[in-house]
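A short write-up of the structure that comes next.
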Ligand code: UDX
Ligand code: ADP
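Residue numbers (this note's numbering): 505 to 982.
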């Protein structure tokens, strides 16, 4: 059997590496039109940072795992074709700002159809709007010259989270395979199931119809994001009332019906999926006339935007209502720890907010490159997922400097803010940092990972999300 994956990104790369690693009897080829990305997958410097990924790739690469730009040859030879290309949010036209742009998906489908001389199972791996499979099937069927070639479409959404991708792939809560309720659809499900059964117990492999599988992915992400927006909304209330959001989260999390996960208040959720998938869900609801349902889910994104904005406003307010010309150290730029990924990271909106008020920003992130940071700060909303997009530096961005360590970023700063929960930020020498900063030295903990009592004892004025106000700030407000 030969498996081919179109798209060597965050989903396609690690997922195929795991399949190859666990299934030595299957040849796995990952293809991409981006030659630099493929070259990186074939080198010692993989294009994405993910704990444990290097070992999995090294064990399988050139054995039964290959990365190539020769899309046509490999797709023609494949039995199962995974499609894991980008599905950006549309920036113009019908559904702009919400609907998924399926240009890359359709391009991939047309290419599959044009090169196929044998029947194939085509698997949706990237998240797509419900009913995409139906449209894709038409594209495949009508563009293939050979009438004997049959395409069977499956939806096999990926639930891995970045930073824990290898763990998630090795021991997933579940694998979901959606297919048509026809005989050939059910057969195709069994073929894909047999691949996963190489290492995943059969009872963890759930089968569903195509639309349920597509909708499950959007709903899972929407529900996870909704938990974060729920606790973030409560963090605002905690600050206003003197309650502590971490105590509230702990108390409610012990209710087994609620559970303890995904209740960490933060400066906002980021990542390539949550916002995009919710907006997709909102758009689908609108198009079928479910206005109230659309509004309900849209509010999850609104609260996320509110939380980022609230964080910036609180910083400005705390620092005597002006940050103009002040140096602010930003610790962490990735959307979460253990990844170098910055897609939809809350750090972008926070930095843009600070830049709008003329602050000078010193950024340090252990895994994000300077070029990436500058590019992110110069791109318009939703443009990150459009491969041809590259930003142009605005004059304000001259006020952004990137550093190779936290200490130099904090030197002479008036305030520091933690935007990513990297473990190394917990153990920094804050005495040294305090000594190097302008006084009063402010800390804004956007992830609630620091020891606030200790920082206060060192002399810092501390603002923590959803926590009672620092006595210094309390005095300032009274
Ligand atoms: C998510 C889903 O978890 C995964 O199943 C899906 O396949 C892709 O989208 P990912 O975006 O990689 O994965 O990371 P996730 O761990 O879900 O975190 C998303 C964002 O929420 C991050 O910015 C994270 O910092 C934030 N978050 C998470 C919180 O603010 N609080 C929490 O309690 C948990
Ligand atoms: P994800 O996070 O879903 O994996 P990425 O944006 O990281 O998404 O990866 C998508 C990849 O798909 C990109 O590397 C892009 O170059 C690739 N791609 C898009 N369209 C095609 C296509 N028609 N053929 C091959 N690769 C494609």
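For each residue, glycine too, the CB sits at the ideal point set by N, CA and C.
Extent of the continuous beta strand (DSSP E) run through residue i
| i | result |
| --- | --- |
| residue 868 | 864 to 868 |
| residue 843 | Looking at the DSSP string, residue 843 is not in any beta strand (DSSP E), and its letter there is neither H nor E. |
| residue 920 | 919 to 922 |
| residue 683 | 679 to 683 |
| residue 595 | First-last for residue 595: undefined, no H or E at that position. |
| residue 655 | 655 to 659 |
| residue 531 | 531 to 535 |
| residue 604 | Looking at the DSSP string, residue 604 is not in any beta strand (DSSP E), and its letter there is neither H nor E. |
| residue 712 | 709 to 713 |
| residue 636 | Counting along the chain, residue 636 falls outside any beta strand (DSSP E), though it belongs to the alpha helix (DSSP H) covering 636 to 646. |
Heavy atom of the ligand ADP within 6 angstroms of residue i beta-carbon
| i | result |
| --- | --- |
| residue 511 | yes |
| residue 772 | no |
| residue 536 | yes |
| residue 614 | no |
| residue 844 | no |
| residue 608 | yes |
| residue 825 | no |
| residue 828 | no |
| residue 611 | yes |
| residue 983 | The first residue shown for the chain is 505 and the last is 982, placing residue 983 beyond what the model contains. |
| residue 725 | no |
| residue 879 | no |
| residue 590 | yes |
| residue 630 | yes |
| residue 541 | yes |
C-beta neighbour in chain D for residue i, strict 7 angstroms
| i | result |
| --- | --- |
| residue 944 | The structure shown contains no chain D, having only a single protein chain. |
Contact test: residue i Cβ vs the ligand UDX heavy atom, cutoff 6 angstroms
| i | result |
| --- | --- |
| residue 837 | no |
| residue 665 | yes |
| residue 952 | no |
| residue 775 | yes |
| residue 552 | no |
| residue 684 | no |
| residue 780 | no |
| residue 732 | yes |
| residue 784 | no |
| residue 840 | yes |
| residue 586 | no |
For residue i, the first and last residue of its enclosing alpha helix (DSSP H)
| i | result |
| --- | --- |
| residue 855 | 850 to 860 |
| residue 816 | 795 to 822 |
| residue 670 | 669 to 674 |
| residue 687 | 687 to 700 |
| residue 834 | Note, residue 834: premise wrong, no alpha helix (DSSP H); beta strand (DSSP E) at 831 to 835. |
| residue 779 | 778 to 791 |
| residue 910 | 910 to 914 |
| residue 877 | 874 to 882 |
Tell me the start and end of each unbroken beta strand (DSSP E) in the segment 716 to 763 that is at least 3 residues and wholly inside, in chain order.
-> none
Between the segment 646 to 657 and the segment 621 to 631, are three or more C-beta pairs nearer than 8 angstroms?
-> yes
Evaluate the contact criterion for the segment 724 to 733 versus the segment 637 to 652: three or more CB pairs, one atom per stretch, below 8 angstroms.
-> no
Specify whether the segment 572 to 584 and the segment 853 to 861 touch according to this definition: at least 3 beta carbon pairs, one from each stretch, less than 8 angstroms apart.
-> no
At 3 residues or longer, and completely inside the segment 943 to 979: list those beta strand (DSSP E) runs for me, N to C.
-> 946 to 949, 965 to 968
Between the segment 542 to 554 and the segment 582 to 595, are three or more C-beta pairs nearer than 8 angstroms?
-> no
Per the contact definition of three or more C-beta pairs closer than 8 angstroms, is the segment 829 to 839 in contact with the segment 913 to 927?
-> yes
How about the segment 919 to 934 and the segment 837 to 849: do they share at least three Cβ pairs that are nearer than 8 angstroms?
-> yes
Start-end ranges of the beta strand (DSSP E) lying completely within the segment 543 to 585, minimum 3 residues = 569 to 572
Three-pair Cβ contact test at 8 angstroms for the segment 749 to 759 versus the segment 659 to 668 = no
With contact counted as at least three CB pairs below 8 angstroms, one residue from each stretch, are the segment 767 to 777 and the segment 732 to 742 in contact?
-> yes
For the 8 angstroms Cβ check, are there 3 or more pairs between the segment 679 to 695 and the segment 713 to 724?
-> yes
Determine, using beta-carbon pairs with one atom in the segment 575 to 586 and one in the segment 507 to 521, whether at least three such pairs fall under 8 angstroms.
-> yes
Hey, is the segment 595 to 607 in contact with the segment 779 to 788, meaning 3+ C-beta pairs nearer than 8 angstroms?
-> yes
Counting pairs of Cβ atoms below 8 angstroms between the segment 928 to 942 and the segment 906 to 914, do you hit three or more?
-> yes
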